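Residue numbers (our numbering): 50 to 512.
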């Protein structure tokens, strides 16, 4: 890796005696270097005590791991959207890089997430801010068959020798080709299930009948005590193999790791276009192909599920109409099949009218009726009254962005929070007129399986 250090020094030397660039605390440099391969499992195993963010979409052949934050955007409060956009504005013209020299077109910079709602009062999620994004000092980035190491640092405060020693330490791990030893199975030793589900659903149905809301998405929190502390790389490896069509992620702050495998795209933004998903109605899978097809047809003909899906599509297209005159989607939903569940799915695409602040775009889309309800403000108020637990990052936003309105975010569902030997799992379902409390409970059990199955050796059907 002598060539890496040599090129890094040349990159740094190019700034000496230059004028016109803001070499203040808000100025950053970003050095990218092509590498042969990346062993993400080995890296996660050896840097699992640092703050990190892992993201992978197997179907898109995209993976990244950012470690050791060099700059954070950590904002709490009702004005988190506006303040996050303001922070981005402060630094977006103060980054010098060599990205184009190595064939990179604005790679990911900031990685992290945003909670479902701000100002929650509990302690379970206190390691994360309401809007929480890290600029990693080291970003390992795989895009198709290309691999890069990206080094980010403040232009005015870095120490040459310290940073170069860190680079040498990092590059030692890049030469490792063996995977870490497989961890012994970590089992669930006890489960805490919070009661009161039926009463919550009945209260929600009463509000719907009275016309206060049309739909509300209620969630459950389940606490699992484990026999040991699991290695996160083992968990995300399993999730990646079992759910290759999902966004697999892990976000560590202090002693907490938020992780999951989300099937739902909130927004992919690039070249002036935005893509998003309407993903609402759901039904189980069957290992029998004929039975599975029967379930699919049942979902496609279910008035309840089609109405739920239609409400989400109308919300998203209505929100996008404020920022786009060109919205593309099919009137009829298609089926999105995952190993243990299948959903009604409407991909939506829109051409943005003009350059907009990134998080102001997200504010138009989140939360959707698929994770909140309708009308969304009334539903949101009802959720905060009915649910005793904090959702935290569950059903919030997780993903990455760069400074050129290029980004990708998932809705943070099928997810859990790991703290030492305890896992908090979350799942929700939409309550509408005619919903049955027992059936909705079973739906949440189905949605908890991707996390629960990591610890109970159950097999889920692959597709």
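Just so you know, even glycine gets a beta-carbon here, dropped at the ideal spot from N, CA and C.
Here the structure is a predicted model, which means the values were calculated and not measured.
Length of the line joining the Cα atoms of residue i and residue j
{"i": "residue 381", "j": "residue 389", "result": "23 angstroms"}
{"i": "residue 311", "j": "residue 286", "result": "14 angstroms"}
{"i": "residue 100", "j": "residue 116", "result": "6 angstroms"}
{"i": "residue 159", "j": "residue 251", "result": "42 angstroms"}
{"i": "residue 61", "j": "residue 443", "result": "41 angstroms"}
{"i": "residue 179", "j": "residue 343", "result": "42 angstroms"}
{"i": "residue 86", "j": "residue 365", "result": "39 angstroms"}
{"i": "residue 259", "j": "residue 90", "result": "52 angstroms"}
{"i": "residue 453", "j": "residue 142", "result": "10 angstroms"}
{"i": "residue 72", "j": "residue 79", "result": "Residue placement at residue 72 is flagged as unreliable, the pLDDT there being 46, under the threshold of 50; the coordinate-derived value follows with that caveat. Computed Cα separation, rounded: 14 angstroms."}
{"i": "residue 70", "j": "residue 186", "result": "Note on residue 70: pLDDT 48, under 50, position unreliable in the model; no value is reported."}
{"i": "residue 290", "j": "residue 205", "result": "43 angstroms"}
{"i": "residue 88", "j": "residue 216", "result": "16 angstroms"}
{"i": "residue 357", "j": "residue 391", "result": "15 angstroms"}
{"i": "residue 102", "j": "residue 189", "result": "10 angstroms"}
{"i": "residue 375", "j": "residue 428", "result": "29 angstroms"}
{"i": "residue 394", "j": "residue 161", "result": "26 angstroms"}
{"i": "residue 480", "j": "residue 83", "result": "50 angstroms"}
{"i": "residue 436", "j": "residue 81", "result": "45 angstroms"}
{"i": "residue 421", "j": "residue 257", "result": "14 angstroms"}
{"i": "residue 499", "j": "residue 336", "result": "16 angstroms"}
{"i": "residue 384", "j": "residue 345", "result": "7 angstroms"}
{"i": "residue 424", "j": "residue 434", "result": "16 angstroms"}
{"i": "residue 486", "j": "residue 261", "result": "19 angstroms"}
{"i": "residue 340", "j": "residue 387", "result": "15 angstroms"}
{"i": "residue 223", "j": "residue 55", "result": "17 angstroms"}
{"i": "residue 459", "j": "residue 292", "result": "14 angstroms"}
{"i": "residue 302", "j": "residue 254", "result": "38 angstroms"}
{"i": "residue 306", "j": "residue 212", "result": "26 angstroms"}
Outcome for residue i when other beta-carbon atoms lying within 10 angstroms are tallied against a minimum of 16
{"i": "residue 140", "result": "buried"}
{"i": "residue 209", "result": "exposed"}
{"i": "residue 266", "result": "buried"}
{"i": "residue 64", "result": "exposed"}
{"i": "residue 74", "result": "Legend: pLDDT at residue 74 = 42, less than 50; position of this residue unreliable, value from coordinates given subsequently. Per the 10 Å Cβ criterion, exposed."}
{"i": "residue 221", "result": "exposed"}
{"i": "residue 136", "result": "buried"}
{"i": "residue 58", "result": "exposed"}
{"i": "residue 243", "result": "exposed"}
{"i": "residue 432", "result": "buried"}
{"i": "residue 51", "result": "exposed"}
{"i": "residue 53", "result": "buried"}
{"i": "residue 181", "result": "buried"}
{"i": "residue 157", "result": "buried"}
{"i": "residue 503", "result": "buried"}
{"i": "residue 501", "result": "buried"}
{"i": "residue 168", "result": "exposed"}
{"i": "residue 98", "result": "exposed"}
Identity of the residues DSSP links to residue i by a beta bridge
{"i": "residue 182", "result": "122, 161"}
{"i": "residue 448", "result": "161, 458"}
{"i": "residue 80", "result": "200"}
{"i": "residue 192", "result": "111, 195"}
{"i": "residue 399", "result": "323, 376"}
{"i": "residue 464", "result": "309"}
{"i": "residue 104", "result": "113, 298"}
{"i": "residue 242", "result": "271"}
{"i": "residue 57", "result": "According to DSSP, residue 57 bridges with nothing at all."}
{"i": "residue 453", "result": "DSSP, once it has assigned bridges, lists no residue as partnering residue 453."}
{"i": "residue 187", "result": "116, 200"}
{"i": "residue 474", "result": "271, 465"}
{"i": "residue 146", "result": "79"}
Proximity test, Cβ basis, 8 angstroms: residue i and chain C
{"i": "residue 143", "result": "Although the question refers to chain C, the structure presented lacks it and comprises just one protein chain."}
Counting pairs of beta carbons, one from the stretch 389-399 and one from the stretch 357-369, are three or more of them closer than 8 angstroms? Yes: the two stretches touch, three or more of their Cβ pairs being nearer than 8 angstroms.
3 or more residues per run - each beta strand (DSSP E) lying fully within the stretch 299-363: Entirely contained in the stretch 299-363, the beta strand (DSSP E) runs reaching 3 residues are, in chain order, 305-311, 314-319, 322-333.
Meets three-Cβ-pair contact criterion under 8 angstroms: the stretch 344-360 and the stretch 446-456: The stretch 344-360 makes no contact with the stretch 446-456; the number of CB pairs closer than 8 angstroms stays below 3.
Would you list, in sequence order, the uninterrupted beta strand (DSSP E) runs of no fewer than 3 residues that lie entirely inside the stretch 261-292? As far as the stretch 261-292 is concerned, its whole beta strand (DSSP E) runs of at least 3 residues are 264-275.
Mind the definition here: the stretch 183-194 touches the stretch 457-474 only if three or more C-beta pairs lie below 8 angstroms; say whether that holds. Short answer: they don't touch.
Which whole runs of the beta strand (DSSP E) in the stretch 371-395 are 3 residues long or more, in chain order? Entirely contained in the stretch 371-395, the beta strand (DSSP E) runs reaching 3 residues are, in chain order, 373-377, 383-386.
Inter-stretch contact at 8 angstroms, needing at least 3 Cβ pairs: the stretch 454-469 / the stretch 428-444: The stretch 454-469, when compared against the stretch 428-444, does touch it at the 8 angstroms Cβ threshold.
Evaluate contact between the stretch 141-157 and the stretch 320-337, counting only Cβ atoms and requiring at least three cross-stretch pairs below 8 angstroms. As far as the Cβ criterion goes, the stretch 141-157 does not touch the stretch 320-337, which means the pair count is below three.
Does the count of Cβ pairs from the stretch 233-252 and the stretch 402-416 closer than 8 angstroms reach three? No: fewer than three Cβ pairs fall under 8 angstroms.
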